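Following: one structure in structure tokens, then a few remarks.
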Amino acid sequence: MDLNIISDKVPNKLKKKRQNARLKKILQPKNAAMVLHEIKPGVKYSFHEQYSKLSPHLIISSVEVDGKTYLGKGLSRAYAKMNAAETVLKSMLLQKLYKTNYSTKVIESEEVKPKPEPETDGETEQMDTTDGDDDFPWSSLASFALYKLFSEWETQPSESVTPGAVEEIVTEAASPKATAAPMKKVPENPTERHPVMLLHQLRPGTQFEEIASQGPPGEVMFTMKVVIDDQTFTGVGKNKKEAKKEAAKAALAGAYEIKYD
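Counting from 70, one number per residue, gives the positions in the sequence shown under my numbering.
Now the structure itself:
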């Protein structure tokens with residue numbers, strides 16, 4: 070019996086585990102600015118303020134990529150920057166999908182035409198029709214897609230889940246084990262991770278609480294709090310999601326000296 074043949078056979082279950090481990094390592098949720106920096110290192114943003122009756126203080130951000138200028142807006146420089154970066158990523162993806170769809174139609178139309186049989190020397194040759202030159206950053210876009218998905222889950226959890234379940238989903242997705250254990254040390258480049266997710270990775274089971282909401286209709290500001298080591302940290306935002314994010318930032322800065330821009 071050939072032992073080498075036996076050793077080369079890997080059970081499908083083990084193959085799936087290895088594949089999942091590789092994907093988990095590659096697909097870490099990242100915001101739009103981080104992903105754009107990976108794809109186009111060195112991009113620079115410019116900012117200016119815009120005033121109007123509806124929005125007295127609106128920040129406009131612009132960024133140039135491949136000779137094209139993309140705009141983003143927000144109530145702060147950080148939000149305007151994220152919005153501009155997301156606009157770039159959307160444009161890149163749509164252009165790629167359009168080109169892919171067009172190329173597929175051309176290939177299909179060529180396949181319909183009868184082709185003469187090629188002359189061979191008796192050996193059968195098989196051509197690889199896969200696109201081996203595709204250098205589009207799919208993994209980076211997937212990381213941003215995960216970030217958007219988790220952010221949406223935080224804002225609009227399903228009615229069938231209990232409070233706090235969304236945070237558990239996020240923690241489980243980023244943790245090696247289903248039963249989350251705290252990280253032994255702060256990861257490298259911690260600010261590349263969503264602050265709420267990072268806080269849950271460092272302190273599993275952390276709970277956020279809404280303590281205030283004030284302001285006229287349409288301009289209500291929410292305040293969320295989180296307690297770490299008997300110290301209370303708060304965050305304010307135009308919705309609960311933003312307030313929670315700001316509270317997580319404050320907690321990370323106070324407890325771990327991790328400061329986001």
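Quick reminder that beta carbons are idealized off the backbone N, C-alpha and C, glycines included.
All of these numbers come straight from a predicted model, not from anything done at the bench.
Nearest residue (CA-CA) to residue i, options the options
{"i": "PRO259", "options": "PRO206, PHE213, ALA316, ALA322", "result": "ALA322"}
{"i": "ALA153", "options": "PHE205, TYR167, ASP204, ASN100", "result": "ASN100"}
{"i": "PHE116", "options": "TRP207, VAL104, GLY141", "result": "GLY141"}
{"i": "GLU278", "options": "VAL296, GLU118, ARG272", "result": "VAL296"}
{"i": "SER220", "options": "THR275, LYS314, ARG146", "result": "LYS314"}
{"i": "ASP299", "options": "PHE205, TYR148, ALA324", "result": "ALA324"}
{"i": "GLN283", "options": "PHE302, GLY306, VAL79", "result": "GLY306"}
{"i": "LYS254", "options": "ARG262, GLU261, LEU271", "result": "LEU271"}
Sequence-distant residues of its chain with Cβ nearer than 6 angstroms to residue i (five each side left out)
{"i": "LYS309", "result": "PHE291"}
{"i": "ILE95", "result": "SER208"}
{"i": "ALA317", "result": "PRO264, VAL265, LEU268"}
{"i": "MET293", "result": "PHE277, GLU279, GLY304, ALA312, LYS313, ALA316"}
{"i": "ARG146", "result": "PHE116, ILE128"}
{"i": "TYR114", "result": "SER130, VAL132, LYS150"}
Span separating the alpha-carbon of residue i from that of residue j
{"i": "VAL112", "j": "SER131", "result": "10 angstroms"}
{"i": "PRO98", "j": "LEU215", "result": "5 angstroms"}
{"i": "TYR167", "j": "SER160", "result": "11 angstroms"}
{"i": "MET70", "j": "PRO110", "result": "Annotation note: pLDDT 47 at MET70 (below 50); position unreliable, no value reported."}
{"i": "LEU158", "j": "ALA250", "result": "34 angstroms"}
{"i": "PRO256", "j": "ALA90", "result": "18 angstroms"}
{"i": "LEU218", "j": "LYS78", "result": "37 angstroms"}
{"i": "THR275", "j": "MET252", "result": "14 angstroms"}
{"i": "ILE327", "j": "PHE302", "result": "14 angstroms"}
{"i": "ARG87", "j": "PRO80", "result": "11 angstroms"}
{"i": "LYS85", "j": "TYR139", "result": "40 angstroms"}
{"i": "VAL134", "j": "LEU144", "result": "23 angstroms"}
Environment of residue i [buried if 16+ CB atoms lie within 10 Å]
{"i": "SER212", "result": "buried"}
{"i": "GLU311", "result": "buried"}
{"i": "PRO245", "result": "The predicted model places PRO245 with a pLDDT of 44, which falls under 50 and marks its position as unreliable; any figure quoted below should be read in that light. Classification of PRO245: exposed, given that the 10 Å Cβ count is below 16."}
{"i": "ILE128", "result": "buried"}
{"i": "ALA281", "result": "exposed"}
{"i": "LEU83", "result": "exposed"}
{"i": "THR62", "result": "Only positions 70 to 330 of the chain appear in the structure, and residue 62 is not among them; the question remains open."}
{"i": "GLU155", "result": "buried"}
{"i": "LYS150", "result": "buried"}
{"i": "GLU288", "result": "exposed"}
Cβ neighbours of residue i in the same chain (closer than 7 angstroms, five flanking residues each side left out)
{"i": "SER209", "result": "VAL104, GLU107, ILE108"}
{"i": "LYS137", "result": "none"}
{"i": "PHE205", "result": "LYS165"}
{"i": "GLU261", "result": "LYS99, MET103"}
{"i": "ALA320", "result": "LEU268, VAL295, ILE297, PHE302"}
Segment limits, alpha helix (DSSP H) that includes residue i
{"i": "LEU321", "result": "309-325"}
{"i": "MET293", "result": "Counting along the chain, MET293 falls outside any alpha helix (DSSP H), though it belongs to the beta strand (DSSP E) covering 290-297."}
{"i": "HIS106", "result": "101-108"}
Other residues of its chain near residue i: CB distance less than 8 angstroms, five sequence neighbours each side excluded
{"i": "LEU163", "result": "none"}
{"i": "GLN408", "result": "Because residue 408 is not part of the residues shown, which for the chain are 70 to 330, the question remains open."}
{"i": "ASP330", "result": "ALA147, THR260"}
C-beta neighbour in chain D for residue i, strict 8 angstroms
{"i": "ALA316", "result": "No chain D appears in the structure shown, which is made up of a single protein chain."}
Segment limits, beta strand (DSSP E) that includes residue i
{"i": "LEU140", "result": "137-143"}
{"i": "VAL132", "result": "127-134"}
{"i": "HIS269", "result": "Careful: HIS269 lies outside any beta strand (DSSP E), inside the alpha helix (DSSP H) at 264-271."}
{"i": "GLU257", "result": "Careful: GLU257 lies outside any beta strand (DSSP E) and carries neither H nor E."}
{"i": "PHE41", "result": "Here the chain comprises residues numbered 70 to 330, so residue 41 is not present and cannot be evaluated."}
{"i": "GLN97", "result": "Looking at the DSSP string, GLN97 is not in any beta strand (DSSP E), and its letter there is neither H nor E."}
{"i": "TYR114", "result": "114-119"}
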